[in-house]
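Down below is the structure, laid out as C-alpha cells.
Numbering (the working numbering), first residue to last: 717 to 1001.
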C-alpha cells in the first residue's frame, strides 16, 4: 500500500479549506441583501423594543393604580414580546418557515407553564395583589392564621412581620385565595367591650358607668356616639356591652384603657363582676 506523503496531505487540506471558503463566499454573495435586511430589522427592532418598554414603564409608573414592581414587570413583558417578534422577522428574511417556529415556541411555553404552574400562580397572584391593592406596605392585615404588618410585596411572595416580631414569608397564591382583613385601611374602628355584672346589680347604673368612661376619654368619638346595652344573660352574670368608635391608631390603647377603667369604676360603684358559680344540692339517701 502506498503511503501518503506530508506534501500530498497538506495540499489536500489546503484544497478543502479553499473549497469551504469559496462556498461561504458564494453564500454571502447570494444572500447579502437578506443579511443586510435581517441586520437592519434586528437593530431597529431592538431599539424600538427598548423605547416602547421604557415608555410603558414610565406610563404605568405615573398611574397610582400600578406599583413600581408591576410597572417594571409589565414593561419587561412588552420588551420580551417585541424581541420574539423581531427574532421571527429576522428568521423570515432567510426563508425560514416562521409557522413552525411559532408552533415550537408555543409548545415550549406550554411545557414551561405546566412545569412552573405553582410559580406562575404566585406571579399572577402577586400582580393581582399589586394592582388591586387589598393591602400595601405598612398596613396590618389578618389572613388565615396570621395577623401581621406587611413589610414587602414581591411577585412571588409577601413578607410579613407579626406583632410578636416573627418574620413570615407567604406565597402570593395563598394570600390571594384567602379572605383578607385589612386592619388599617379605614381611619376609624369600633371597640366593643363586654363586662359581666351580678344579677343583683343595677344594669342601668352599669350602663351609665360605662358611658361615663367613654365620655371622659377624648379618644372616643362623638359620631357615632358611644352605646351601652345589655349584651347577654349568662349563667352567672349579665353581660353589659359598650361600643365606642375611635381612630384606628388608638384602637389597641383605648381598648386596654377602657377595660382597666371599667373594672376600677365598677369597684367604686359597688358593682360586682362575678366569677362562674355552680350551686350543688346534696340529697341524703
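Every residue, glycine too, gets a C-beta built ideally from N, C-alpha and C. Given the structure is predicted, the values throughout are model-derived calculations rather than measurements.
Opposite residue i in the DSSP bridges: which residues?
i, result
"residue 898", "857"
"residue 887", "873"
"residue 912", "955"
"residue 906", "961"
"residue 946", "956"
"residue 866", "876"
"residue 936", "962"
If you draw a straight line from the alpha carbon of residue i to that of residue j, how long is it in whole angstroms?
i, j, result
"residue 910", "residue 958", "6 Å"
"residue 908", "residue 953", "18 Å"
"residue 892", "residue 991", "43 Å"
"residue 875", "residue 770", "28 Å"
"residue 914", "residue 982", "11 Å"
"residue 989", "residue 853", "42 Å"
"residue 763", "residue 748", "23 Å"
"residue 773", "residue 796", "14 Å"
"residue 879", "residue 945", "32 Å"
"residue 717", "residue 756", "Confidence at residue 717 is low in this model, with a pLDDT of 48, below 50, so its placement is unreliable and no value can be given for it."
With a Cβ-Cβ cutoff of 8 Å, do residue i and residue j count as a contact?
i, j, result
"residue 851", "residue 866", "yes"
"residue 754", "residue 802", "no"
"residue 942", "residue 927", "yes"
"residue 996", "residue 925", "no"
"residue 970", "residue 935", "yes"
"residue 897", "residue 862", "no"
"residue 765", "residue 790", "no"
"residue 906", "residue 961", "yes"
"residue 856", "residue 903", "no"
"residue 912", "residue 870", "no"
"residue 858", "residue 899", "yes"
Please classify residue i: is it buried, with 16 or more other beta-carbons within 10 angstroms of its beta-carbon, or exposed?
i, result
"residue 980", "exposed"
"residue 735", "exposed"
"residue 793", "exposed"
"residue 930", "buried"
"residue 917", "buried"
"residue 974", "buried"
"residue 920", "exposed"
"residue 841", "buried"
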